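Report on one structure; see the data block that follows.
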Amino acid sequence: MTREVVVAAAQMGPIALDDSRKDVVVRQIDLLHRAVGLGAELVVFPELALTTFFPRWWADDLATTDHFYETAMPSADTQPLFDEAARLGVGFALGYAERLLDDDGQTAHRYNTMIMVERDARVVGHFRKVHVPGHDDHQPDRAFQHAERRYFEPGPDGF
28 MTREVVVAAA QMGPIALDDS RKDVVVRQID LLHRAVGLGA ELVVFPELAL
78 TTFFPRWWAD DLATTDHFYE TAMPSADTQP LFDEAARLGV GFALGYAERL
128 LDDDGQTAHR YNTMIMVERD ARVVGHFRKV HVPGHDDHQP DRAFQHAERR
178 YFEPGPDGF
């Protein structure tokens, strides 16, 4: 017995530093509609699909980058994506910056995370990136940093 699943790779295009999360989600919803129109049952968004790829800029104080991270998923800004996916009956995979908080509300961990969302909008799995490339020190001679190691720690669960 075979089963075919049509998967769509959602090419986001650039996300500017000042693009709002709500604007990005509107774009993602449009991509969901386009993918479903082509028969997709699963839409895969890239890593850090809710923000610009912020590790290319250096921040001395990580707290100044907290707005790039999600502390809940779905969040108020991403809920419309989940709602529309459920309405359309399409699953999706979404990459984002995740900031886990401790019991006191302080940052405990920062991960580059991918979640798998079922067609009814339930989060059914997650993966926190294990191999974090780039550097964690400031390299001001570079036109752009590749400071993923500054902003994310390796996921604890392995492959």
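Numbering-wise, this note's numbering puts 157 at position 130 of the sequence shown, and it's gapless, one number per residue. Here a beta-carbon is modelled for each residue, glycine too, at the ideal position from N, C-alpha and C. All values reported here derive from a predicted model rather than from experimental measurement.
By DSSP's assignment, Ile-142 forms a beta bridge with Leu-121 and His-153. Looking at the DSSP output, Val-71 bridges to Ala-36 and Ala-120. By a beta-carbon distance limit of 8 Å, Pro-73 contacts Met-39. Their separation comes to about 6 Å. Counted as a single uninterrupted DSSP element, the alpha helix (DSSP H) harbouring Glu-175 occupies residues 175-178. The shortest C-alpha to C-alpha distance from Ala-170 to any of Leu-69, Trp-85 and Ala-36 is the one to Trp-85. The criterion of a C-beta distance shorter than 8 Å is not satisfied by Val-71 and Ala-124. Where Phe-109 is concerned, the enclosing alpha helix (DSSP H) starts and stops at 106-115.
Under the 8 Å Cβ criterion, the stretch 147-156 does not count as touching the stretch 52-67, having fewer than three qualifying pairs. Asp-104 and Lys-49 have their C-alpha atoms roughly 6 Å apart. In the DSSP annotation of this structure, the continuous segment of the alpha helix (DSSP H) that includes Gly-64 starts and ends at 48-64.
Counting every other CB atom within 10 Å of its CB across the protein chains shown gives Phe-186 a total below 16, marking it as exposed. The residue from Gly-64, Ala-113 and Leu-89 with its alpha-carbon nearest to that of Val-144 is Ala-113. By a beta-carbon distance limit of 8 Å, Phe-81 contacts Phe-95. Their separation comes to about 5 Å. Per DSSP, the beta bridge partners of Arg-137 are Arg-126. According to DSSP, Glu-97 shares a beta bridge with Glu-125.
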